Amino acid sequence: MIIEKGEARVKSEVFEVQAEYFKALSHPVRIKILYYLKKGERCVCEIVPYLKEEQSNVSRHLAALKRAGILSSRKEGVSVYYRVEDENVYKIVDLALCSVKKVAREKVALLS
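Anchor point for the sequence shown: position 20 equals 23 in my numbering, and the numbering is continuous, going up by one each time.
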């Protein structure tokens, strides 16, 4: 994306939004949540035992992902269900994993 001089303010705002999006992905528990939701919508009552984390901790991570627009939720009675709002997030997470693996291979090669 090339941004012209007159778009400096817009550029700054776009970068801030992008940074917030990546910040929302910057915790291992949040990435585990995304992989768990890859098969579809799940109730918090299913997510908590899967992660083996305290419910308050899981709720905090779910809220961060929802604020970033990565997840959406719906309430059914007393249960809250979460789902991934945009499947493109998996492209980002998978690309990051590929990069991490590449860097790890390069480090191993240097040590060999």
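Glycine included, each C-beta is placed from N, C-alpha and C at the ideal position. This one's a predicted model, so the numbers in the text were calculated from it and none came from an experiment.
Can the beta-carbon of I34 be found closer than 8 Å to that of Y85?
For the purposes of this step, residue 34 is taken as the residue at position 31 of the sequence shown. For the purposes of this step, residue 85 is taken as the residue at position 82 of the sequence shown. Contact flag unset, no.
Buried or exposed: where does A66 fall if 16 or more other Cβ atoms within 10 Å of its Cβ makes it buried?
Against the sequence shown, residue 66 aligns to sequence position 63. So A66 counts as exposed.
Within the continuous beta strand (DSSP E) that includes K55, where are the two ends?
Within the sequence shown, the letter at position 52 stands for residue 55. From DSSP, K55 is part of no beta strand (DSSP E); its letter is neither H nor E.
First and last residue of the beta strand (DSSP E) that includes E44?
In the sequence shown, the residue the question calls residue 44 occupies position 41. Note, E44: premise wrong, no beta strand (DSSP E); not H, not E.
Three-state secondary structure assigned by DSSP to L28:
Counted from its first residue, the sequence shown places residue 28 at position 25. DSSP places L28 in coil when its eight states are reduced to three.
Start and end of the beta strand (DSSP E) containing V87?
Walking along the sequence shown from the start, residue 87 turns up at place 84. Segment 82-87, the beta strand (DSSP E) holding V87.
What are the boundary residues of the alpha helix (DSSP H) that S102 is part of?
Taking the first residue of the sequence shown as position 1, residue 102 is located at position 99. It spans 91-114 - the alpha helix (DSSP H) in which S102 sits, taken as one unbroken run.
Straight-line CA distance for L98 to K41?
The count along the sequence shown starts at 1 and reaches residue 98 at position 95. The count along the sequence shown starts at 1 and reaches residue 41 at position 38. In a straight line, the C-alpha of L98 is about 16 Å away from that of K41.
Using the beta-carbon count (16 or more within 10 Å), is A27 buried or exposed?
Translated into positions along the sequence shown, residue 27 becomes position 24. Classification of A27: buried, given that the 10 Å Cβ count is 16 or more.
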